[in-house]
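Asker:
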Amino acid sequence: MSKISLRSVNVMQYKMPLREGGSLPALALADDGFTYVVKFRGAGQREKALLAELLGGEIARLLGFKVPELVFARLDAAFGQTEGDEEIQDLLKSSQGLNLGLHFLSAAVNFDPAADVVSGDLASAIVWLDAFITNVDRTFRNTNMLMWHRELWLIDHGASFIFHHTWENWEKHAKGPFPLIKDHVLLPRAEKLEEVDAAFKRILSPESLWQIVNSLPDEWLKAMGETGTVEVWKQVYLDFLLLRLKHSEIFVNQAQNARKALV
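Per our numbering, residue 755 is the first one in the sequence shown, and the count goes up by one each step.
1. Who does residue 784 pair with in a DSSP beta bridge?
2. Kindly say whether residue 933, judged by its beta-carbon, lies nearer than 8 Å to any beta-carbon of chain B.
3. Below 8 Å, can you find three or more Cβ-Cβ pairs linking the segment 890-907 to the segment 807-814?
4. Applying the criterion that 16 or more other CB atoms from any shown protein chain within 10 Å of the CB defines a buried residue, is residue 1012 buried or exposed?
5. Tell me whether residue 911 is buried or exposed, calling it buried when 16 or more other Cβ atoms sit within 10 Å of its Cβ.
6. Mind pulling the alpha helix (DSSP H) runs of 4 or more residues that sit fully within the segment 829-886?
7. Taking the alpha carbon of residue 825 as the point to measure from, which residue in 799, 846, 852 and 831 has its own alpha carbon closest?
8. Exposed or buried, residue 889, counting other C-beta atoms within 10 Å across all chains shown (16 or more means buried)?
9. Using the Cα positions of residue 808 and residue 930, report the straight-line distance between them to the nearest angstrom.
10. When you compare only the Cα positions, how much space is there between residue 796 and residue 915?
11. With respect to the alpha helix (DSSP H) encompassing residue 986, which residues constitute its N-terminal and C-terminal limits?
12. If residue 976 sits next to residue 908, beta carbons under 8 Å apart, how far is it from one beta carbon to the other, in whole angstroms?
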């Protein structure tokens, strides 16, 4: 059973919290000598945010986007005991075990839609990706994109796959539109959605998607507390992606109609 290969690191030093949003990620030094933005399983949406981060980030990478390397970041029981902030200490205590890290892009700056130019091709590709994975969090308020060495990098996909917060009617979600695409920061520039749709459907084969889905850690899936086995939930994620891809014209049309209302 094939899967993508993510490196594993041990978190050695908590450097500083990144107080953006409710998930309280942090900069941390790992035993490989690199600094990572660590997303903790004890925060906010817990393991489901990490599952979405891994799925969304690696699908974006498969499609050719620049995404910081994702690693499995392990915290042992002793980590964070000297932390003075009680909120952070509680977070670290509840995040023992496997977490997710994104390689820290030093000196990167937030994407500025008023100043940074994005081509119609790239804008269309990013809008398509976010409609595909139902990512609610790439707006003017929070673009979740960085400029690093004059290139655009995608970050923070933990608010994707909104169906998995209830698991109800996942087939309906898979075949449905994505109305929140109207708030996407790059939608006004997304003029080539049909061309992107055709190109991306050739890349996203069942085999490649399964390699990503099969990389979801059993530890996170079991921690969701849902009825069913790890194999069942992996199959649901894969079926959701394949069904959504099969009916991509629905969310593409939704995005095109939303764009017409803007331009």
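Glycine included, C-beta positions come from ideal geometry on N, C-alpha and C.
Answerer: With the structure as the only source:
1. Stepping through the sequence shown from its first residue, residue 784 is reached at position 30. Note: residue 784 sits in a beta bridge opposite 765.
2. Chain labels in this structure do not include chain B; a single protein chain is all it has.
3. no
4. Your numbering for residue 1012 matches position 258 in the sequence shown. Classification for residue 1012: buried.
5. Locating residue 911 in the sequence shown gives position 157, counting from the first residue. Buried, by the Cβ-count rule.
6. 840-847 and 874-886
7. Translated into positions along the sequence shown, residue 825 becomes position 71. Selected option, being the one with the closest Cα: 852.
8. Within the sequence shown, numbered from 1, the residue matching residue 889 stands at position 135. Buried is the label assigned to residue 889, since at least 16 other Cβ atoms lie within 10 Å of its Cβ.
9. By one-based count along the sequence shown, residue 808 stands at place 54. By one-based count along the sequence shown, residue 930 stands at place 176. Those two C-alpha atoms are separated by around 23 Å.
10. Locating residue 796 in the sequence shown gives position 42, where the first residue counts as 1. Locating residue 915 in the sequence shown gives position 161, where the first residue counts as 1. If I take the Cα positions, the gap works out to 19 Å.
11. Taking the sequence shown and counting its residues from 1, one reaches residue 986 at position 232. Where residue 986 is concerned, the enclosing alpha helix (DSSP H) stretches over 984-1000.
12. In the sequence shown, the residue the question calls residue 976 occupies position 222. In the sequence shown, the residue the question calls residue 908 occupies position 154. That pair is no contact at about 28 Å.
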